[in-house]
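Below is one structure; the comments refer to it alone.
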Amino acid sequence: KENLNQFKEELKRKDPTISSYLENKTSEPYIQRLQEQIAEIETQKDIAMSNAKTRGMDRPGLIKGYDEKLEDLKSRLAKSVKEYQASILSASPEEIKLLTNQIFEEQVKVQALQASHDKLQGFLNGYERRFESLPERTIDLARLEREKSAYEKLYLLLEEKYQEALINEQSTTGSVLILNNARIPKEPAKPNRKLIVLIGLVLGVGLAFGYALVVNYFDKRVKSPEDIEEKNINLLGWVPKVTTIESNGNKGKEFIIANKSDSVASEAFKAIRTRIRYSMVEGEAKTILITSSAPGEGKSTISVNLAGSFALANKKTVIIDCDLRKPRVHSIFNEKRFPGFTDYFVGRASFEEIERKTDVENLSVITAGTIPPNPSEILDSRGMKSFLRKLANEFDIVIVDSPPVLTVTDAEILSRLVDETILVVSANTTDI
Numbered sequence: 057k058e059n060l061n062q063f064k065e066e067l068k069r070k071d072p073t074i075s076s077y078l079e080n081k082t083s084e085p086y087i088q089r090l091q092e093q094i095a096e097i098e099t100q101k102d103i104a105m106s107n108a109k110t111r112g113m114d115r116p117g118l119i120k121g122y123d124e125k126l127e128d129l130k131s132r133l134a135k136s137v138k139e140y141q142a143s144i145l146s147a148s149p150e151e152i153k154l155l156t157n158q159i160f161e162e163q164v165k166v167q168a169l170q171a172s173h174d175k176l177q178g179f180l181n182g183y184e185r186r187f188e189s190l191p192e193r194t195i196d197l198a199r200l201e202r203e204k205s206a207y208e209k210l211y212l213l214l215e216e217k218y219q220e221a222l223i224n225e226q227s228t229t230g231s232v233l234i235l236n237n238a239r240i241p242k243e244p245a246k247p248n249r250k251l252i253v254l255i256g257l258v259l260g261v262g263l264a265f266g267y268a269l270v271v272n273y274f275d276k277r278v279k280s281p282e283d284i285e286e287k288n289i290n291l292l293g294w295v296p297k298v299t300t301i302e303s304n305g306n307k308g309k310e311f312i313i314a315n316k317s318d319s320v321a322s323e324a325f326k327a328i329r330t331r332i333r334y335s336m337v338e339g340e341a342k343t344i345l346i347t348s349s350a351p352g353e354g355k356s357t358i359s360v361n362l363a364g365s366f367a368l369a370n371k372k373t374v375i376i377d378c379d380l381r382k383p384r385v386h387s388i389f390n391e392k393r394f395p396g397f398t399d400y401f402v403g404r405a406s407f408e409e410i411e412r413k414t415d416v417e418n419l420s421v422i423t424a425g426t427i428p429p430n431p432s433e434i435l436d437s438r439g440m441k442s443f444l445r446k447l448a449n450e451f452d453i454v455i456v457d458s459p460p461v462l463t464v465t466d467a468e469i470l471s472r473l474v475d476e477t478i479l480v481v482s483a484n485t486t487d488i
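Following the working numbering, the numbering of the sequence shown begins with 57 at its first residue and continues without gaps.
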C-alpha cells in the first residue's frame with residue numbers, strides 16, 4: 057500500500073483530474089467481482105492442496121481444474137484493466153501513462169490481496185466456530201465411552217451367570233424310574249396315514265360338492281329346457297349343438313336343414329315348426345319374428361333353419377334380414393348383401409331385385425341391403441308395415457330376423473308389426 061500511496065500522490069501533483077478519475081475506475085464493480093472470484097478460486101485451490109497432502113492423496117485433475125479457472129479469470133481481469141487504461145490515457149503524456157499503469161497494477165494487487173484476505177478470514181471464522189464446539193463433543197464422547205464400558209462389563213457378568221446355570225442344570229440328576237423298556241414300534245405312531253387319507257377323501261368330496269352347489273346356485277344361465285318351463289314360459293322346443301355338418305354347395309354350414317336333413321338338429325327344427333303351426337290361433341299367423349336377448353345366441357341360425365323347415369313342408373316361405381346393425385343372413389346363403397330390404401325401402405331397387413330364390417324349393421331370402429344411419433326410424437315407419445303386409449300377401453310364412461332385444465329397440469318395434477315372436481336362448485349363455 058505504501059507504493060500505491062506514493063504513486064497516487066505523485067500522479068495527483070502532476071494531473072489531479074486523472075487522479076480522481078482513476079480512483080473511480082479502479083473500483084469498478086466488474087473488476088472487483090473478478091478479483092473476488094480469483095481470490096475465492098485460489099482459496100479453494102489452497103484448501104484442496106492442503107487436504108490432499110494431509111490425506112496422502114494426489115489430485116492432479118482437481119488442481120488442474122482450479123488452474124484453468126484462475127487462468128480464465130486473470131485473462132479477463134487483464135483485458136478489463138487494459139480497456140480502462142486505454143479509455144482514460146489515450147491522450148495523456150508517456151510519463152502520466154507509466155505512472156497510471158503502475159497505480160493500476162498496485163491497485164489490482166491490493167484489491168486481490170484484500171479479496172483473498174476476506175475469503176481466508178471467512179474460512180478461519182468457520183473453523184474457529186467448529187473448534188469452539190469441540191469441548192462439548194469431547195465431553196459427550198467420554199460419557200458414551202464410560203457407558204459402553206459399563207454395558208460390556210454387565211454383559212460379561214450375565215454371560216458368566218448363564219453358563220454357570222447351564223452347567224448346574226446338566227449336572228443335576230433327578231429321581232428317575234424305568235416304567236417300561238423301550239422297543240421298536242411295528243409302525244409309525246404319526247402320521248396316521250389311513251386317517252389322513254379318509255379325512256382328505258371326505259373333505260375333497262364335501263368341498264367339491266359344496267363348490268358345485270354354490271356355483272350352480274349363483275349361475276343364472278339357462279342349462280336345460282326345464283329351466284325355461286319353470287318360469288311358465290311357453291317352450292316350443294330345443295336344438296342340440298351341431299359342430300360336424302359341412303357346407304353343401306351355396307348353403308353355409310349353419311343351414312343345417314338343407315345340408316343334412318336327416319340329422320337330429322334338422323328333426324328338432326321340424327318339431328319346432330309343427331309346434332308353431334299347432335300353437336297358431338285361427339287365421340294362421342303369417343309373420344314370425346325371431347330374436348334373442350343378446351348377440352351370439354344363435355337367432356340367425358334358428359331363423360334360417362326354421363324358414364327352411366316351413367319350405368320343406370310346401371309352405372311358400374321368405375326370410376327377411378331386419379338386423380340392420382349386424383346382418384348375417386346373406387352370409388349363410390352365400391349371397392351378396394346388396395341390393396336388399398333397405399334399398400327397396402328407399403326406392404333404389406325393385407321387389408324382384410331383392411327377392412332371391414334359394415336352392416331349397418319354396419324358400420326365398422331378402423337380405424338387409426345398405427345399412428342406414430337410422431335403422432330404428434325405418435323399422436318404425438308406415439312403409440315397414442306396408443312392406444310386411446305385401447310379404448304376407450305373397451308368401452305363406454314370413455320369417456323376420458331381428459337384432460337382439462337388450463341391445464337396441466329394433467326387436468321391440470318389429471314385435472308390434474308381426475303375428476308371433478319367438479325368443480331364442482342359448483344353453484350356458486343366456487341368463488334367466
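Backbone N, C-alpha and C define an ideal beta-carbon position, used for all residues, glycine too.
- Cβ-Cβ distances below 8 Å link Asp-283 to Ile-488 in the same chain, with the five nearest sequence neighbours on each side left out; the list follows chain order.
- The alpha-carbon separation between Thr-463 and Asn-430 amounts to approximately 15 Å.
- For Asp-457, the enclosing beta strand (DSSP E) has its first and last residue at 453 to 457.
- Taken through DSSP and simplified to helix, strand or coil, Ser-227 comes out as helix.
- Unbroken alpha helix (DSSP H) stretches of 4 residues or longer found wholly inside the region 350 to 382: 355 to 368, given in chain order.
- One alpha carbon belongs to Lys-316, the other to Lys-372, and they sit about 21 Å apart.
- For the pair Phe-397 and Ala-369, the Cα-to-Cα distance works out to about 26 Å.
- With a cutoff of 8 Å on beta-carbon distance, Ile-103 and Leu-129 are scored as not near each other.
- Within the same chain, Pro-383, His-386, Thr-423, Ala-424 and Gly-425 come within 7 Å of Arg-393 by CB-CB distance, once the 5 residues on both sides are set aside.
- Bridge pairing for Asp-487: Arg-277 [DSSP].
- When the Cα atoms are used, Ser-280 and Phe-311 turn out to be separated by approximately 24 Å.
- Within the same chain, Ser-322, Phe-325, Asn-361, Gly-364 and Ser-365 come within 6 Å of Ile-313 by CB-CB distance, once the 5 residues on both sides are set aside.
- Inclusion of Asp-466 and Leu-435 in the CB contact set at 8 Å is warranted, their separation being smaller than that value.
- The closest CA to that of Arg-472, considering only Ile-119, Arg-438, Asn-107 and Glu-127, is found on Arg-438.
- Boundaries of the alpha helix (DSSP H) around Thr-398: 397 to 401.
- The beta-carbon distance between Leu-345 and Val-456, rounded to whole angstroms, is 5 Å. This is short enough to meet the 8 Å contact definition.
- Only residues of its own chain outside the window of five on either side were considered, and among them Arg-404, Ala-405, Glu-409, Ile-410 and Gly-425 have a CB closer than 7 Å to the CB of Pro-395, listed in chain order.
- Here Lys-316 carries a coil assignment [DSSP, helix/strand/coil].
- Scanning its chain for C-beta atoms nearer than 7 Å, with the 5 sequence neighbours on each side dropped, one finds around Val-278 the residues Ile-284, Val-481, Ala-483, Thr-486 and Ile-488, in chain order.
- Val-454 places its beta carbon less than 8 Å from that of Lys-342.
- In the structure shown, Lys-342 adopts coil according to DSSP, grouped into three states.
- Excluding five sequence positions before and after Glu-468, the CB atoms of its chain that fall closer than 8 Å to its own CB belong to Val-461, given in chain order.
- Looking at the backbone, the Cα of Ala-238 and that of Ile-255 are separated by about 32 Å.
- Across the set Arg-132, Gln-226, Thr-99 and Lys-204, the C-alpha of Thr-99 shows the shortest separation from the C-alpha of Gln-170.
- Boundaries around Ile-469 are those of the alpha helix (DSSP H), 466 to 471, since no beta strand (DSSP E) includes it.
- Taking the Cβ atoms as the reference, Phe-389 lies roughly 6 Å from Thr-414, within the contact range of under 8 Å.
- Taking 8 Å as the upper bound for CB-CB distance, Ile-332 and Leu-292 are in contact here, some 6 Å apart.
- Looking from the CA of Phe-407, the closest CA among Ile-195, Thr-357, Ile-376 and Lys-101 belongs to Ile-376.
- In its chain, beyond the 5 residues on either side, Ile-434 and Leu-473 have a beta carbon closer than 7 Å to the beta carbon of Met-440.
- Here the alpha carbon of Ser-136 sits roughly 26 Å from the alpha carbon of Ile-119.
- Taking C-beta atoms under 8 Å as the contact rule, Thr-330 and Thr-477 fail to qualify, at a distance of about 19 Å.
- Per DSSP, the beta bridge partners of Leu-479 are Thr-347.
- Shown here for Gly-266: not one same chain residue has a beta carbon closer than 8 Å to its own, the five before and five after excluded.
- In the three-state DSSP reduction, Arg-445 falls in the helix class (H, G or I).
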